[in-house]
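Numbering (our numbering), first residue to last: 10 to 517.
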């Protein structure tokens, strides 16, 4: 289930009443736990968060996180452990335990009873023995080294000695089957139903007897840890990650309509979900130690404004959406290159049809509508690129010689030239949108008045907020064309209406 990256929907602190209810649910779901074990699993004072997420196949999952580590997850109203340390069904040397189809099971390595996977039995013990331990044995939900494991502190399972149990008398249990002695004590080669990647990892460890020390040295595990070649300290790397998630959240998730926004909501519902795959955001491991100190620094840089709207509760009340630290402008070609490289790097190009791209949770969140989240799994390249470009904020830049470029949001409108007829069959020329190209309508009107030897007026443009239009007596499109194309050197493609110039009269 967590063999591929998941998408976080929300991350909130649990309430006291919900914490008590969770303890009761754990006691009901795992009756073998002692009274002292439930409080250890669901502590009373430590920080406990509820994370709602979507697995890569669209399953809605609720994860309970304690101290930054996932401890339980809920799927279809059933609780499952994630710390891989709850009492489960292990394989004693004396034989297989009695399980029924649908029972929650823990899978351990030979010689170590610390579980490395959590799953649900796909068949009963009797069916396993009848099939000579061939076929699918379990539906895997959570495995060591999957993406849920990566969201925590990425610790390895401990080494626990196998339990010394007496061989069970299978004949004494109703409905039991006499086991073949050759089959007892060996479940290493059961086929595990679930994600292909998870299957490969668990089977390799169970059938190939790969040690945990070897697994921890795997390059895919090392890649999740801070870069050893990075000369910066872990604290400096966490500072950089904190700022990256903060700016990403403001740029891509937080909207003006969300303000005022609780600072706890910013962190829990926005910044955590912006954390790159394989990294874990932990404010306590940064130089700031507390979110409030970090936000004070961001306020000093004039990115945000924080106020205490109620006693002890801080909120973000204003954001400088144009702050230079919130990113630079990308051209369409650059966006296409980034998307293509991302798809190839993450093996998203369909192996059977190179024209299709598989959508991972990040792409799903970026380009799909809500009603498409669980139905659209692949898109053609052209559709993917078009959707990505449509989701970006368009902008344009106007540059004049000797001046700093002017960057504005939105699509640039062309200069619009029209010829209208007024009373007494008199014609006038009207030009709009001069301001978008850095031109002062009053200055343009003064130049045209001299060149055309005609009266000009400047008035508000109908339907345009704060926009002005210039009106010149007569059809002056030819003079206007020379002024815009030759004097101001504007591109012809950004001027519409030049064809309305009067045609030259016939020579007699």
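C-beta: ideal position from N, C-alpha, C; glycine also.
Report the three-state DSSP secondary structure of residue 497 (helix, strand or coil).
coil
Can you name, in chain order, every residue of its own chain whose Cβ lies under 8 Å from the Cβ of residue 311, other than the five neighbours on each side?
If you ignore the 5 residues before and after residue 311, its C-beta comes within less than 8 Å of the C-beta of 329 and 332, all in its own chain and listed in chain order.
Taking the alpha-carbon positions, what's the residue 111 to residue 255 distance?
42 Å
Residues bridged to residue 387 by DSSP?
367
Residue 499 to residue 414, Cα distance in whole Å?
Spanning the two alpha carbons is a distance of roughly 15 Å.
Which stretch, first to last residue, makes up the alpha helix (DSSP H) that contains residue 249?
In this chain, the alpha helix (DSSP H) harbouring residue 249 covers 243-261.
Using DSSP with H/G/I as helix, E/B as strand and the rest coil, what is residue 301?
helix
Tell me which residues share the same chain as residue 454 and place their Cβ nearer than 8 Å to its Cβ, disregarding the 5 neighbours each side in the sequence.
Non-local C-beta neighbours of residue 454 in its own chain, meaning closer than 8 Å and more than five positions away in sequence, comprise 465, 466, 467, 479 and 481, ordered along the chain.
Which of the three DSSP states is assigned to residue 10 in this structure?
coil
Is it right to say residue 432 is buried, meaning 16 or more other beta carbons lie within 10 angstroms of its own, or is it exposed?
exposed
Excluding sequence positions up to five away, which residues of its chain have a Cβ less than 6 Å from the Cβ of residue 29?
none
Name, in chain order, the residues that DSSP records as bridge partners for residue 469.
Paired residues: 477.
Cα-Cα, which of 134, 354, 502 and 395 is closest to residue 345?
395
Excluding the 5 residues preceding and the 5 following residue 492 in the sequence, name in chain order all residues of the same chain whose CB lies nearer than 8 Å to its CB.
453, 456, 457 and 460
Answer yes or no: does any C-beta atom of chain D fall closer than 8 Å to that of residue 356?
Here there is only one protein chain, and chain D is not present.
If distances are taken between C-alpha atoms only, which option among 376, 240 and 383 comes closest to residue 398?
The shortest Cα separation from residue 398 among 376, 240 and 383 belongs to 376.
Do three or more CB pairs link the stretch 302-310 to the stretch 348-364 at distances below 8 Å?
no
Any idea which residues DSSP pairs residue 90 with across the strands?
For residue 90, which the question treats as bridged, DSSP gives the partners 81.
In its own chain, which residues sit with a C-beta less than 6 Å from the C-beta of residue 294, not counting the 5 before and 5 after it?
247
Going by DSSP, what residue range makes up the beta strand (DSSP E) through residue 75?
69-75
Expressed to the nearest angstrom, what Euclidean distance is found between the alpha-carbon atoms of residue 320 and residue 260?
28 Å
Identify every residue that forms a DSSP beta bridge with residue 21.
For residue 21, DSSP records a beta bridge to 59.
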